[in-house]
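Heads up, the sequence shown is in numbering that gives the first Met the number 0, so the first residue is 0 and it goes up one at a time. Built from N, CA and C at the ideal position, the CB exists for glycine as well. To start, the structure itself, in structure tokens.
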Amino acid sequence: MPDTLTTNTVLLFDRSARLRMQFTGPKAAESLTGLVTNDVLSLRGGDGIYACALTQKGRIIADVRIFAIAGDDGTVQTLLVDANVAGGVGFATMIRKYVNPRTATYADLSASSSCLTLLGENALHLLTSLGAAAEVVAAVQTGRAFTHAVVTIAGVSARLIRAPDLGSVELFDLIVDASGREAVQRALVDAGALLSTDGEWHRRRVVAARPEWGFDMDEGTLAQEANMDALHAISYKKGCYTGQETVARVHFRGHVNRTLRRVSLPDGVVPAHGTLLLNAEGSAAGDVRSAALDDGGEIVGIAMVRREVGDLDTLRWAGEDGLTHAVIVIGGPDED
Numbered sequence: 000m001p002d003t004l005t006t007n008t009v010l011l012f013d014r015s016a017r018l019r020m021q022f023t024g025p026k027a028a029e030s031l032t033g034l035v036t037n038d039v040l041s042l043r044g045g046d047g048i049y050a051c052a053l054t055q056k057g058r059i060i061a062d063v064r065i066f067a068i069a070g071d072d073g074t075v076q077t078l079l080v081d082a083n084v085a086g087g088v089g090f091a092t093m094i095r096k097y098v099n100p101r102t103a104t105y106a107d108l109s110a111s112s113s114c115l116t117l118l119g120e121n122a123l124h125l126l127t128s129l130g131a132a133a134e135v136v137a138a139v140q141t142g143r144a145f146t147h148a149v150v151t152i153a154g155v156s157a158r159l160i161r162a163p164d165l166g167s168v169e170l171f172d173l174i175v176d177a178s179g180r181e182a183v184q185r186a187l188v189d190a191g192a193l194l195s196t197d198g199e200w201h202r203r204r205v206v207a208a209r210p211e212w213g214f215d216m217d218e219g220t221l222a223q224e225a226n227m228d229a230l231h232a233i234s235y236k237k238g239c240y241t242g243q244e245t246v247a248r249v250h251f252r253g254h255v256n257r258t259l260r261r262v263s264l265p266d267g268v269v270p271a272h273g274t275l276l277l278n279a280e281g282s283a284a285g286d287v288r289s290a291a292l293d294d295g296g297e298i299v300g301i302a303m304v305r306r307e308v309g310d311l312d313t314l315r316w317a318g319e320d321g322l323t324h325a326v327i328v329i330g331g332p333d334e335d
């Protein structure tokens, strides 16, 4: 059963399995901005962005979150980058291949740090009750997507991040040293947070139609096919980066022939990943990438659908039960 989220409920997810890499040095931002779709050089301390790392042909290696951390002089000295487990493998390989450690030092912090995620309108009140400075918490809450700052939770230093990973809902990450994770998690649970599961996170992600690398997109997916422009992961004003030619050509001269779309499955049957979707003429019109129950118990999903298929159009798929089932195309992802 889905975890019910009431006004006072705060769900706690442990997302420590995500890749976390730290970049330092005078050329760190310059090196990183040449490998991702968004403008790393524009970041100031406390800022963050969403971006993609691409192949030379503009296909997605990983989607990443990038956080700029200022030094004592106010300039950006460190960049923290994270990605999901599946995408993190390709991203780390890309970094080792293209980033010269003499100009930008990088380190994998995945084992030495943890990520705890809080979901719910009462999340920040819970944090202030555990010692986080109210003015810092308020600044993160009212800041732009991926705004972050250091707070203290139950005596442990943590980086608090406003995370739009599920759209406009109240969602915050805490990045802490691995040695402090257990103490912070215990304090959060004792204060009323409900420890949730990876399955519940996946369900909520699908309901919000937010794509995940390895499920809904992979190295065969173009950035715009995954709605990365709508999700503010692409800058069309920045300098050159790997895969830019394809991204720019699609944006300025054409379009992609398919995109990830939110779908409804009203027949109550869950299709397998990759299930072919057919239009009224029986021609291939897309395929299913993810499916889950929404809060009302209805099945929804994410599908890669051809561009000529309109919102509210109905597609069909053949089930193992021998019946043909309906899929209704609804639209794009929840945005921040």
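Asked: Could you please give the first and the last residue of the uninterrupted beta strand (DSSP E) stretch that includes D294?; Found: Where D294 is concerned, there is no enclosing beta strand (DSSP E), given that its DSSP letter is neither H nor E.
Asked: Which ranges would you report for the alpha helix (DSSP H) in the stretch 120-205 if only whole runs of at least 4 residues count?; Found: 122-128, 133-141 and 177-189
Asked: Between G119 and E169, how many whole angstroms is the CB-CB distance? I'm expecting something under 8 angstroms.; Found: 6 angstroms
Asked: With a floor of 4 residues, list each alpha helix (DSSP H) that falls wholly inside the stretch 23-103, ordered by position along the chain.; Found: 27-32 and 84-97
Asked: Which residues in the same chain as A283 place their Cβ atom closer than 7 angstroms to its Cβ, once the five residues preceding and following it in sequence are excluded?; Found: L275 and L277
Asked: By Cβ distance below 8 angstroms, which residues in the same chain neighbour L159 in space, the five residues on each side in sequence not counted?; Found: L126, A131, V135, V136, V139, H147, A148, V149, V150, F171, D172 and L173
Asked: The alpha helix (DSSP H) spanning R248 covers which residue range?; Found: Q243 to R252
Asked: Would you tell me roughly how many angstroms separate the C-alpha atoms of H272 and G285, rounded to the nearest one?; Found: 12 angstroms
Asked: Nearest by alpha-carbon distance to V155: which of S167, A186 and A162 is it?; Found: A186
Asked: Per DSSP, what kind of secondary structure is A346 in: helix, strand or coil?; Found: The structure shown has nothing for residue 346, since the chain only spans 0 to 335.
Asked: Quick check: what's the CA-CA separation for I65 versus Y240?; Found: 16 angstroms
Asked: Of all the options T74, V268 and Y97, which has the alpha carbon lying nearest to the alpha carbon of L31?; Found: Y97
Asked: Cα separation between A247 and Y235?; Found: 7 angstroms
Asked: Mind checking S394: buried by the 16 CB within 10 Å criterion, or exposed?; Found: The chain is shown only over 0 to 335; residue 394 falls outside these bounds and no answer can be derived.
Asked: Is A16 helix, strand or coil when you go by DSSP?; Found: coil
Asked: How would you label V188, buried or exposed, when you count the other beta carbons within 10 angstroms and need 16 or more for buried?; Found: exposed
Asked: Let me confirm a value: L115 is counted as buried when at least 16 other C-beta atoms fall within 10 Å, else exposed. Which label applies?; Found: buried
Asked: D81 and R17: beta carbons closer than 7 angstroms?; Found: yes
Asked: Taking R315 and V326 to be in contact with their CB atoms under 8 angstroms, please state how far apart those CB atoms are, rounded to whole angstroms.; Found: 7 angstroms
Asked: If distances are taken between C-alpha atoms only, which option among F12, T23 and P100 comes closest to E181?; Found: F12
Asked: Note the first and the last residue of the continuous beta strand (DSSP E) segment covering I301.; Found: I298 to R305
Asked: I'd like to confirm the pairing. Which residues does DSSP put opposite D286 in its beta bridges?; Found: L275 and M303
Asked: With distances taken Cα to Cα, identify the nearest neighbour of D320 among V269, I329 and I48.; Found: V269
Asked: Among G267, M20 and A302, which residue has its Cα nearest to the Cα of A208?; Found: A302
Asked: Let's test the definition: count the other Cβ atoms within 10 Å of the Cβ of A67 and tell me whether it reaches 16, buried, or not, exposed.; Found: buried
Asked: Just the Cα atoms here: how many angstroms apart are N7 and S178?; Found: 29 angstroms
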